[in-house]
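**Q** Encoded as structure tokens, here's the structure I'll be asking about.
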Amino acid sequence: MSEGSGPSVAARDDLAGVVDLFEWLTREELSRAVSELAFKRRAEVDPDAIDAAIDAAVAEYALVRVPPEAVSTDEGAPEEAADPLAVGPAAFPSLPENAADLPHILDVPDRAVDRGTLSEAVHDRLSADAVSAMNEGDADRLETLVDVTYDVEAWTPVDASPIRERIVAELDGE
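The opening position of the sequence shown corresponds to residue 180 in the working numbering, with each subsequent residue numbered one higher.
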């Protein structure tokens, strides 16, 4: 992960790359994976920095929360997957150094995500985030969300144009 005052785009894409190795990971598993990578690099592990990087990746749609009913393993649906995360529409997954060893280290079963359920959840979240940003008058967030509407459409077969049009109208003061 890169250094600085906040998580970088590269850090978010590295997180997405780690998640992509498994199809989905819980937040706890992702934190453990990042800690393992830091250990392999003989670097200090800062749990707060890992949490901040995950939060930033979720906020920017590089990682997305998966509805628990949309996740499964080769052993069936997990009894309880706390906060499962998958690669989101704004990610350009990249593998950090030594990440190829993570499937052996974490020893998790093969996993799958129901893409239809995930797409619907991401579309719903995008709509809710847009309404929230409009209510707060957060133009910077709205600019980010406009970009995400295009990412979502490229990522999955959903039409985000109504959300985009509402955001653009808000930004244009209409």
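We put the CB at the ideal spot given by N, CA and C, even for glycine.
How many Å lie between Ala265 and Asp351 at the Cα?
**A** About 33 Å.
**Q** In angstroms with no decimal places, state the Cα-to-Cα distance between Gly196 and Leu216.
**A** Looking at the two C-alpha atoms, the distance is approximately 13 Å.
**Q** At which residues does the alpha helix (DSSP H) containing Thr335 begin and terminate?
**A** No alpha helix (DSSP H) holds Thr335; DSSP gives it neither H nor E.
**Q** Is the beta carbon of Thr328 sitting closer than 8 Å to the one on Arg304?
**A** It is not a contact, given that the beta carbons lie outside the stated cut-off.
**Q** Which residue wins for smallest C-alpha separation from Glu202, given the options Asp338, Ala291, Asp319, Leu194?
**A** Considering only alpha carbons, the answer is Ala291.
**Q** Terminal residues of the continuous alpha helix (DSSP H) containing Ser214?
**A** Element bounds for Ser214: 206-219.
**Q** Going by beta carbon distance, what residues of the same chain come within less than 8 Å of Val243, once the five residues before and after it are set aside?
**A** Excluding residues within five positions, the ones whose Cβ falls inside 8 Å are Val237, Leu264, Ala265, Val266, Gly267, Pro268, Leu297, Ala300, Val301, Arg304.
**Q** If I'm right that Arg294 touches Thr335 with Cβ under 8 Å, what's the distance once you round it to whole angstroms?
**A** Going by Cβ atoms, the distance from Arg294 to Thr335 rounds to 7 Å, so yes, they are a contact pair.
**Q** Considering only the alpha carbon of each residue, which of Tyr240, Val245, Asp230, Ala232 lies closest to Asp380?
**A** Residue 380 falls outside the range modelled here, since the chain spans only 180 to 353, and no answer is possible.
**Q** Three or more C-beta pairs under 8 Å: does that hold for the stretch 246-255 against the stretch 215-231?
**A** With the cut-off at 8 Å, the stretch 246-255 and the stretch 215-231 do not touch.
**Q** Are Leu281 and Ala232 touching if we call contact CB-CB under 8 Å?
**A** Contact: no.
**Q** Please classify Asp338 as buried or exposed, where buried requires at least 16 neighbouring CB atoms within 10 angstroms.
**A** That one is exposed.
**Q** Within the same chain, show all residues whose beta-carbon is closer than 8 Å to that of Met313, passing over the 5 residues directly before and after it, in chain order.
**A** Leu321, Arg345, Ile346, Glu349, listed in sequence order.
**Q** Distance, Cα to Cα, Asn398 vs Glu332?
**A** Shown here, the chain extends from 180 to 353; a query on residue 398 therefore has no answer.
**Q** Relative to the C-alpha of Val287, which residue among Ala190, Asp192, Arg191, Leu209 is closest?
**A** The candidate whose alpha carbon is nearest that of Val287 is Leu209.
**Q** Over the uninterrupted beta strand (DSSP E) stretch that includes Val266, give me the two end residues.
**A** Its beta strand (DSSP E) spans residues 263-266.
**Q** In terms of alpha-carbon separation, which member of Arg206, Pro272, Val198 lies closest to Asp289?
**A** Checked all of Arg206, Pro272, Val198; the closest Cα to Asp289 is Val198.
**Q** What three-state label does DSSP hand Ala318 in the structure shown?
**A** In the structure shown, Ala318 sits in a helix (DSSP, three-state: H, G or I).
**Q** For Pro275, is the classification buried or exposed, using 16 other Cβ atoms within 10 angstroms of its Cβ as the cut-off for buried?
**A** Pro275 should be labelled buried.
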